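Quick notes on the structure that follows.
Numbering (our numbering), first residue to last: 10 to 345.
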């Protein structure tokens, strides 16, 4: 008999959520919009014809930064969703970064957590310390401090990297991981990491700023993402929604053609918007929204992948694009 068609699956993708108490009680680094977003996602989950297979939260989780009670509040806030749908996470600067702790950025953004509450509260399927398949990192990190992993869900393969660790410590793992993907079984490949590869931002910091780190990430990973035919790269950190064209090394393809991954910043989940976008916008960006909150909704089957930006204030779709696989090659059929 002919093979069965690949299942249709859905997941939500976002970053930089934060926490807000339903009774408006005061807390460290309050993010009122975060509760609106989790409520919108819960309503979407209840109404959707296809229940999401997982949530993909790409760093800056609760913004507890050393306040343990805020982690507890965060878990209470996401419980109505997380008890039904796996909550997959990536590590961000507000979970990991601390001077002298092994993070690649010498800043104090985690409040001294150094990734410990994150790793204990969200155990992800990270590689074993001594895998017989995957090559060892360039320099052995601290025990357990390897928060990069991958998984398959239906026709989608997701690889989560850490932008808070040295690229060379995970490049061998990612190279092997992407090479092992069976594109017949999982035709769509998504790579996610907290800090963006491409971003509209005027952050002037020459060491840890948005553009400085984006340049480091592109130098380390972009050729691999292109060679492995990654379809979509998701990130956050800049608290906005941004979507690029299909591009490679800063150059867009012609409309409808494919030049490399589409890069989407989905850092608009709930923590205060970041207004420092470039004006006019760089030509590589199809859409930039730094004034609203929401989440990404991805629906995929064996032949198409639809990405939608859903705002949490009106719960309507404000940007979308559709990719299609034709003879194993990705084409943009809408929103290119």
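C-beta: ideal position from N, C-alpha, C; glycine also.
A quick note: this is a predicted structure, and the numbers were derived from the prediction, not measured.
| query | result |
| --- | --- |
| Coarse secondary structure for residue 181, derived from DSSP in three states | helix |
| In chain order, each beta strand (DSSP E) run of at least 3 residues that lies wholly inside the stretch 54-141 | 63-67, 96-99 |
| Cα-Cα separation between residue 68 and residue 14, rounded to whole angstroms | 33 Å |
| Residue 157 to residue 165 span [Cα, whole Å] | 17 Å |
| Pairwise C-alpha distance: residue 185 and residue 309 | 24 Å |
| The stretch 99-106 in contact with the stretch 65-82 per 3-pair CB rule at 8 Å | yes |
| Three-state secondary structure (DSSP) of residue 228 | helix |
| Residue interval of the beta strand (DSSP E) (run including residue 195) | Segment: none, residue 195 is in no beta strand (DSSP E) and carries neither H nor E. |
| Simplified DSSP assignment, three categories, for residue 219 | helix |
| Proximity test, Cβ basis, 9 Å: residue 331 and chain B | Among the chains in the structure shown there is no chain B, since it carries only a single protein chain. |
| Anticipated Cβ contact below 8 Å, residue 262 with residue 253, distance rounded | Actually they do not touch by this definition, with Cβ atoms about 11 Å apart. |
| Burial state of residue 112 (16 or more Cβ within 10 Å) | buried |
| Extent of the continuous beta strand (DSSP E) to which residue 15 belongs | Per DSSP, residue 15 belongs to no beta strand (DSSP E) and is neither H nor E. |
| At least three beta-carbon pairs within less than 8 Å, the stretch 78-97 to the stretch 29-41 | yes |
| Inter-stretch contact (C-beta, 8 Å, three-pair minimum) for the stretch 45-56 and the stretch 223-230 | no |
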